[in-house]
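This report concerns only the one structure given below.
Residue numbers (the numbering used here): 467 to 767.
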């Protein structure tokens with residue numbers, strides 16, 4: 467029977483890993499600073515626990531059995547990870563594997579640059595991004611950290627308000643003739659309206675612009691901001707964007723803001739994580755990073 471974790475023979479596994487690298491017990495003993503007999507005893511003990519021979523001692527040089535090859539792959543990678551983690555702790559670096567859930571619009575248009583900067587500072591952290599439809603935030607309950615839109619009700623989780631965005635119309639440069647000062651809200655009706663899920667945001671925006679009776683239930687409807695904004699970049703029509711999703715497009719000229727008027731998003735963004743006492747140092751650091759970057763972006767509104 468394979469031993470349970472609390473009974474794992476770590477010294478024997480270390481002796482096995484070194485001996486398997488050299489295919490020689492004497493050289494393994496030299497690296498470990500013990501006698502040849504001690505290495506041989508540790509490996510025989512491990513073979514008895516596993517119920518399998520790990521070395522073919524009849525061959526010269528000594529060879530690994532199939533069971534030995536299988537074990538070596540796992541043991542070597544495990545010791546490599548332990549060594550890397552210990553080095554990171556010694557240097558005061560963060561280390562960890564984080565699953566981050568996010569609504570698609572932010573995941574496609576804002577997160578990549580933010581996370582690449584974080585990883586440039588914390589190279590021993592791995593981040594896995596999963597996206598989900600905002601009305602069904604199941605992944606938020608299963609992830610280390612989540613950026614959610616809509617409800618802040620997540621029992622048992624730590625919920626922090628990330629921000630409440632303002633939406634405004636954006637399009638590819640040249641699609642709508644004129645400058646921001648000369649363009650009027652009614653001019654946008656000559657073009658295809660690009661919607662995320664529904665026409666609710668466009669309807670509120672036109673009402674704020676003094677055109678409450680405009681029929682906004684036309685144009686193209688998509689199931690995510692990442693798709694409406696890509697359609698806008700391609701010149702398919704006019705989309706609604708907020709600073710988190712379009713800041714980079716505005717900076718590099720792929721999109722232009724057509725009018726200064728904006729309307730608040732129907733819901734805020736929230737950052738959801740495990741209770742503070744349970745958060746790993748890497749997750750806590752990423753949470754602070756996201757909060758700071760989002761706050762800086764919101765300041766540009």
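C-beta atoms are modelled at their ideal positions from N, C-alpha and C, and glycine is treated no differently.
Remember, predicted model here, so these are calculated numbers, not experimental data.
For residue 582, the three-state secondary structure derived from DSSP is helix. The continuous stretches of alpha helix (DSSP H) do not include residue 739, which lies in the beta strand (DSSP E) extending over residues 735 to 739. Assigned with DSSP and collapsed to three states, residue 662 falls in strand. Taking a C-beta distance under 7 angstroms as the contact criterion, residue 671 and residue 729 qualify as a contact pair. Residue 479: member of the alpha helix (DSSP H) spanning 476 to 488, first to last residue.
The DSSP-derived three-state label of residue 686 is strand. For residue 715, the enclosing alpha helix (DSSP H) has its first and last residue at 709 to 718. Residue 598 and residue 570 have their alpha carbons spaced roughly 7 angstroms apart. Per DSSP, the continuous beta strand (DSSP E) segment holding residue 566 begins and ends at 562 to 568.
Under DSSP, residue 722 shares a beta bridge with 637. With fewer than 16 other Cβ atoms from the protein chains shown falling within 10 Å of its own Cβ, residue 627 counts as exposed. For residue 587, the secondary structure class from DSSP, reduced to helix, strand or coil, is helix.
Pairing residue 749 with residue 611 gives a Cβ-Cβ distance under 7 angstroms.
The alpha-carbon separation between residue 475 and residue 508 amounts to approximately 9 angstroms. The three-state secondary structure of residue 530, taken from DSSP, is strand.
Its Cα nearest to that of residue 720, the residue 695 stands out among 695, 760 and 625.
Its Cα nearest to that of residue 722, the residue 700 stands out among 700, 761 and 681.
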